[in-house]
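Number of protein chains: 2
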Amino acid sequence: MVSMKDISAACGVSVATVSKALNDHGDIGEATKQRVRQMAKEMGYFPNSAAKALKTNRTYNLGVLFEEEDHSGLTHDYFASVLDSLKSTAEEKGYDITFVNGCRTRPNRMSYLEHCKYRGFDGVVLVCVNFYDAEVMELVRSDIPTVTIDHLFNNVCAIMSDNIKGIHDLLHYVYDKGHRRIAYIHGVDSSVTQKRLASFYKTAAELGVDIPDEYIRTAAYRDTKGAYVETEKLLDLKKPPTCIFYPDDFACYGGMNAIRERGLQVPDDISVVGFDGIRIARHLEPKLTTLKQDTKQLGMRAAEKIINLIENPKITLIEQILVEGQVCAGNSVAEIS
Amino acid sequence: MVSMKDISAACGVSVATVSKALNDHGDIGEATKQRVRQMAKEMGYFPNSAAKALKTNRTYNLGVLFEEEDHSGLTHDYFASVLDSLKSTAEEKGYDITFVNGCRTRPNRMSYLEHCKYRGFDGVVLVCVNFYDAEVMELVRSDIPTVTIDHLFNNVCAIMSDNIKGIHDLLHYVYDKGHRRIAYIHGVDSSVTQKRLASFYKTAAELGVDIPDEYIRTAAYRDTKGAYVETEKLLDLKKPPTCIFYPDDFACYGGMNAIRERGLQVPDDISVVGFDGIRIARHLEPKLTTLKQDTKQLGMRAAEKIINLIENPKITLIEQILVEGQVCAGNSVAEIS
DNA sequence: TAAAAGTGCGAAAACGTTTAAGAAGCAGCA
DNA sequence: TGCTGCTTCTTAAACGTTTTCGCACTTTTA
Chain A
37 MVSMKDISAA CGVSVATVSK ALNDHGDIGE ATKQRVRQMA KEMGYFPNSA
87 AKALKTNRTY NLGVLFEEED HSGLTHDYFA SVLDSLKSTA EEKGYDITFV
137 NGCRTRPNRM SYLEHCKYRG FDGVVLVCVN FYDAEVMELV RSDIPTVTID
187 HLFNNVCAIM SDNIKGIHDL LHYVYDKGHR RIAYIHGVDS SVTQKRLASF
237 YKTAAELGVD IPDEYIRTAA YRDTKGAYVE TEKLLDLKKP PTCIFYPDDF
287 ACYGGMNAIR ERGLQVPDDI SVVGFDGIRI ARHLEPKLTT LKQDTKQLGM
337 RAAEKIINLI ENPKITLIEQ ILVEGQVCAG NSVAEIS
Chain B
37 MVSMKDISAA CGVSVATVSK ALNDHGDIGE ATKQRVRQMA KEMGYFPNSA
87 AKALKTNRTY NLGVLFEEED HSGLTHDYFA SVLDSLKSTA EEKGYDITFV
137 NGCRTRPNRM SYLEHCKYRG FDGVVLVCVN FYDAEVMELV RSDIPTVTID
187 HLFNNVCAIM SDNIKGIHDL LHYVYDKGHR RIAYIHGVDS SVTQKRLASF
237 YKTAAELGVD IPDEYIRTAA YRDTKGAYVE TEKLLDLKKP PTCIFYPDDF
287 ACYGGMNAIR ERGLQVPDDI SVVGFDGIRI ARHLEPKLTT LKQDTKQLGM
337 RAAEKIINLI ENPKITLIEQ ILVEGQVCAG NSVAEIS
């Protein structure tokens with residue numbers, strides 16, 4: 037590896053001069069600066085990030101904490117899309133992405149925070165984690181700039197998909213199609229779930245739609261089996277719903293299986309709506325009516341926010357940024373009268 | 037951050053002694069070693085990776101090149117699964133994962149190789165890239181240990197899903213179900229595609245199955261539209277196939293749409309098989325018959341191989357590791373007589 | 001008993017940068 | 001002439017490690 041020393045030797049100037057020339061410090065003559073830069077290019081010089089980091093305490097490296105108990109993280113459509121967008125945006129701005137080590141089985145392992153300090157991440161983005169984990173809390177409370185996605189901590193920037201508006205819009209859509217008996221199989225407890233559920237109740241109330249208790253059920257996210265079981269229970273009711281909301285698109289397909297096994301048709305006999313807007317849903321029949329979360333925007337805003345927080349710590353607002361999704365109308369919701 | 041200097045002060049020994057005690061060098065007395073380690077723990081010491089890297093030229097950081105023209109990389113089920121497994125395995129072995137910066141629009145950007153040297157990756161794994169890219173070639177030919185997934189370069193370790201056996205097994209499965217008119221809509225040209233296609237022809241020949249030219253068609257991977265169009269063409273043939281192979285599961289759903297729009301049923305009127313074994317395929321009706329690639333194994337072997345290459349450069353074989361998949365029998369292939 | 005070998009530790013240089021402080025040269029000015 | 005101030009460059013220290021070498025002491029060997 038060619039270092040600054042090599043360039044300084046080749047140019048007959050000191051190493052300090054080389055450093056300043058390359059970093060555009062003011063006190064270097066134009067001629068020297070050009071000469072140094074030219075030589076650096078010719079010799080194929082690139083800085084050594086470790087040395088730079090050691091000296092400046094800046095790595096231009098972002099940590100991403102991306103971990104779920106069931107390890108579906110990276111294969112989770114929604115989160116993977118967010119991460120993809122986060123990555124692109126960060127890279128455009130000159131930052132690299134490193135995963136915060138999630139291995140919890142190593143002897144002598146570091147905590148998340150320790151790992152972040154060890155690697156010297158300039159900031160870290162938390163996606164798809166258990167936000168109530170003690171180590172996660174320790175991390176967000178540390179002095180490392182932090183952005184969370186889809187979870188709100190005190191005094192931490194959050195980029196949130198607007199679940200409230202999402203459910204609101206979906207419910208309005210379904211209401212407008214004439215549905216009045218609407219069930220919601222919601223995900224397991226989390227802040228996202230709570231928001232969706234609250235929005236569901238509130239919107240229903242606004243619309244004057246009565247939601248019997250037995251219409252509200254629980255299944256894990258992406259749990260086709262759970263959705264299947266809960267769907268069966270809904271169908272067994274004396275007054276079954278005409279439309280069922282699911283935790284997400286994936287689970288929705290589990291529900292549809294239960295429906296079909298009863299010899300019923302979607303949407304003719306019963307309507308369904310998902311959440312997320314996974315890619316495949318646009319290619320299956322019936323096309324799923326769902327709320328497409330704006331993953332591109334979410335990842336982008338998260339990257340921008342964390343970089344802002346790093347580069348302008350004073351003037352960057354600690355705020356909650358809401359990103360709206362969009363009702364993606366398919367044909368899984370029937371018009372009824 | 038507490039550094040070795042702090043520990044050395046607290047223990048009344050030199051920094052060198054601290055370093056040796058923590059790194060288990062031989063020439064430190066047991067008592068001192070324990071005292072230092074104890075103190076390090078108490079003070080919450082963790083090493084500084086940048087300083088360590090600067091001195092040792094080892095980062096315990098693996099680069100992952102993960103980039104596709106259409107940016108579907110991270111949202112691509114197959115590759116995301118491989119990456120997930122790669123990540124877990126690497127983390128267990130004490131390595132972190134950083135993405136090789138794929139941003140090609142930045143002014144003054146570094147090439148892949150430059151970026152890898154800049155970050156000091158101990159090794160890099162190439163997944164899901166255009167292997168014919170000049171920069172990719174430059175990278176694999178460099179002195180940085182490299183492992184590719186699903187592509188074979190000269191003198192580079194490769195972890196490959198056994199596409200040849202995969203297609204072989206699938207075709208045998210379909211043959212055993214009685215099919216003799218079998219079409220293959222294969223993916224666009226790549227080494228993987230070539231292997232699959234060759235295996236298709238070879239296995240068909242072995243089985244004595246004649247494959248007319250018009251049964252062999254092309255559609256991009258994960259291109260539902262393309263698969264749709266090509267499926268229509270197949271259905272328009274005088275002697276349409278009784279079974280169609282698709283580039284992958286995703287594309288297969290595009291093909292099934294074409295089939296259904298003709299009022300035909302899968303598998304009663306025509307059978308289909310996919311490739312990959314994406315998760316959702318197990319939850320949709322008909323359950324897709326497909327070849328489930330062993331992504332867990334692929335990622336794991338890749339991580340193990342690259343780490344071996346890094347830690348034991350002399351004795352590690354440059355080899356091509358084949359990972360077998362498994363026919364995942366659904367009910368998208370009918371038994372015919 | 002003296003030399004050799006072994007043990008436990010420290011001093012100092014080095015990795016490749018950045019940066020504060022200072023020096024040299026020169027112009028302008030009283 | 002001597003002072004000031006500016007521009008351009010250098011010196012040297014520092015970041016937190018690792019590692020070579022050497023020193024002092026102890027134990028073994030001849």
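Protein chains in written order, with our numbering: chain A, 37 to 373; chain B, 37 to 373. From the three backbone atoms N, C-alpha and C, an ideal C-beta is built for every residue, glycine too. These figures come from a predicted structure and were not determined experimentally.
Exercise. Taking Cβ-Cβ distances shorter than 9 Å, what residues in chain A pair up with B:Ser117?
Worked result: Those within 9 Å of B:Ser117 in chain A are Leu110 and Thr111.
Problem set entry | Backbone secondary structure at B:Met37 - three-state DSSP | When DSSP states are grouped into helix, strand and coil, B:Met37 belongs to the coil group.
Problem set entry | C-beta neighbour in chain B for A:Glu174, strict 8 Å | Closer than 8 Å: no.
Problem set entry | Within-8 Å CB hit, B:Gly313 to chain A | False, the Cβ-Cβ gap to chain A never drops below 8 Å.
Problem set entry | As assigned by DSSP and simplified to three states, the class of A:Gly99 | Shown here, A:Gly99 sits in a strand according to DSSP, grouped into three states.
For this session: Give a yes or no on contact between the stretch 156-175 of chain A and the stretch 318-327 of chain A, applying the rule of three or more CB pairs nearer than 8 Å.
Result: Pairwise C-beta distances place the stretch 156-175 of chain A out of contact with the stretch 318-327 of chain A, as fewer than three of them are shorter than 8 Å.
Exercise. Considering B:Lys328, what are the terminal residues of the alpha helix (DSSP H) in which it resides?
Worked result: Careful: B:Lys328 lies outside any alpha helix (DSSP H), inside the beta strand (DSSP E) at Thr326 to Lys328.
Problem set entry | Spatial neighbours of B:Val118 in its chain, beta-carbon cut-off 7 Å, leaving aside the 5 residues before and after | Val163, Ile185, Thr331, Leu334 and Gly335, listed in sequence order.
Exercise. Residues in the stretch 300-328 of chain A with C-beta within 9 Å of chain B's C-beta atoms, listed in sequence order?
Worked result: Shown in chain order are the members of the stretch 300-328 of chain A whose Cβ falls below 9 Å from a Cβ of chain B: Ile314, Arg315, Ile316, Arg318, His319, Leu320 and Glu321.
Problem set entry | Straight-line Cα distance separating B:Asp132 from B:Asp246 | In a straight line, the C-alpha of B:Asp246 is about 50 Å away from that of B:Asp132.
Problem set entry | Test item: CB-CB of B:Asp259 and B:Ala287 under 8 Å | Result yes, Cβ atoms of B:Asp259 and B:Ala287 sit closer than 8 Å.
For this session: Return the CA-CA distance between B:Thr68 and B:Val38, expressed in angstroms with no decimal places.
Result: The alpha-carbon of B:Thr68 is positioned some 19 Å away from that of B:Val38.
Exercise. Closer than 8 Å, CB to CB, is A:Tyr289 near chain B or not?
Worked result: Judged by the 8 Å Cβ criterion, A:Tyr289 is in contact with chain B.
Exercise. Taking Cβ positions only, does A:Arg296 come closer than 8 Å to chain B?
Worked result: It does: the Cβ of A:Arg296 has a partner Cβ on chain B nearer than 8 Å.
Exercise. Mind checking if B:Glu340 is an interface residue toward chain A, Cβ cutoff 8 Å exclusive?
Worked result: Taking 8 Å as the CB threshold, B:Glu340 stays off the interface with chain A.
Exercise. When Cβ atoms are compared, which residues of the stretch 160-188 of chain A fall closer than 7 Å to chain B?
Worked result: For the stretch 160-188 of chain A, the beta-carbon criterion of a distance under 7 Å to any beta-carbon of chain B is satisfied by none of its residues.
Exercise. Using the beta-carbon count (16 or more within 10 Å), is A:Gly223 buried or exposed?
Worked result: Buried: at least 16 other Cβ atoms inside 10 Å.
For this session: Compare the Cα-Cα distances from A:Lys129 to each of A:Ile342, A:Ala52, A:Asn367 and A:Val369 and report the closest residue.
Result: Nearest of A:Ile342, A:Ala52, A:Asn367 and A:Val369 to A:Lys129, Cα basis: A:Ile342.
Exercise. Should B:Gly90 be flagged as near chain A, meaning a C-beta pair shorter than 8 Å?
Worked result: According to the sequence shown, residue 90 of chain B is Leu rather than Gly. With 8 Å as the cut-off, B:Leu90 counts as an interface residue toward chain A.
Exercise. So what's B:Ser50 in DSSP terms, helix, strand or just coil?
Worked result: Note: B:Ser50 maps to coil in three-state DSSP.
For this session: Say whether chain A places a C-beta atom closer than 8 Å to the C-beta of B:Ser41.
Result: For clarity, residue 41 of chain B is Lys in the given sequence; the question names Ser instead. Not an interface residue.
For this session: Pull up the CB-CB distance for B:Thr111 and A:Asp113, whole angstroms please, since I reckon it's below 8 Å.
Result: Going by Cβ atoms, the distance from B:Thr111 to A:Asp113 rounds to 6 Å, so yes, they are a contact pair.
For this session: Could you please tell me which residues of the stretch 75-89 of chain A, in chain order, have their CB closer than 9 Å to any CB of chain B?
Result: Residues Gly80, Phe82, Pro83, Asn84, Ser85, Ala86, Ala87, Lys88 and Ala89.
Exercise. Nearest chain B C-beta to A:Gly202 closer than 8 Å, yes or no?
Worked result: Not one chain B Cβ lies under 8 Å of A:Gly202.
Exercise. Should A:Glu297 go down as buried or exposed, given a rule of 16 or more other Cβ atoms within 10 Å for buried?
Worked result: Flag for A:Glu297 reads exposed.
Exercise. With burial defined as no fewer than 16 other Cβ atoms inside 10 Å of the residue's Cβ, what is the status of A:Arg140: buried or exposed?
Worked result: Result: exposed.
Problem set entry | Residues within the stretch 130-141 of chain A neighbouring chain B, beta-carbon criterion of under 8 Å | Against chain B - using a Cβ distance shorter than 8 Å - the residues of the stretch 130-141 of chain A are Gly130, Asp132, Ile133, Thr134, Phe135, Asn137, Gly138, Cys139 and Thr141.
For this session: Could you name the residues of the same chain whose beta carbon sits closer than 8 Å to that of A:Leu243, not counting the 5 residues immediately before and after it, in chain order?
Result: Residues Leu207, His208 and Tyr211 of the same chain have their beta carbon placed closer than 8 Å to that of A:Leu243, with the five preceding and five following residues left out of the count.
Exercise. Would A:Ile168 be called buried (16 or more neighbouring beta carbons within 10 Å of its own) or exposed?
Worked result: Residue identity differs from the one stated: residue 168 of chain A is Tyr in this sequence, not Ile. Flag for A:Tyr168 reads exposed.
Problem set entry | Buried or exposed by the 16-neighbour rule on C-beta atoms within 10 Å, applied to B:Ile221 | Buried, since its Cβ has 16 or more Cβ neighbours within 10 Å.
Problem set entry | First through last residue of the alpha helix (DSSP H) which encompasses B:Phe286 | Per DSSP, the continuous alpha helix (DSSP H) segment holding B:Phe286 begins and ends at Asp285 to Glu297.
Exercise. Among the residues of its own chain, which have a CB less than 8 Å from the CB of B:Phe157, if the five just before and after it don't count?
Worked result: Cβ neighbours of B:Phe157 beyond the five flanking positions: Thr95, Asn97, Leu98, Gly99, Thr134, Val136 and Ile180.
For this session: Less than 8 Å between the CB atoms is what I'm expecting for A:Arg155 and B:Ser85, so what's the real figure, rounded?
Result: 5 Å between Cβ atoms; contact.
Exercise. Pick from A:Gly214, A:Gln301 and A:Ala234: whose alpha carbon is nearest that of A:Ile203?
Worked result: Distances from the CA of A:Ile203 to each of A:Gly214, A:Gln301 and A:Ala234 were compared; the closest alpha carbon is that of A:Ala234.
Exercise. Which residues mark the beginning and the end of the alpha helix (DSSP H) in which B:Leu207 is found?
Worked result: Where B:Leu207 is concerned, the enclosing alpha helix (DSSP H) stretches over Asn199 to Asp212.
Exercise. Would A:Thr267 pass as a contact of A:Ile280 if the rule is Cβ separation under 8 Å?
Worked result: Yes; because the gap between Cβ atoms is below 8 Å, this pair is in contact.
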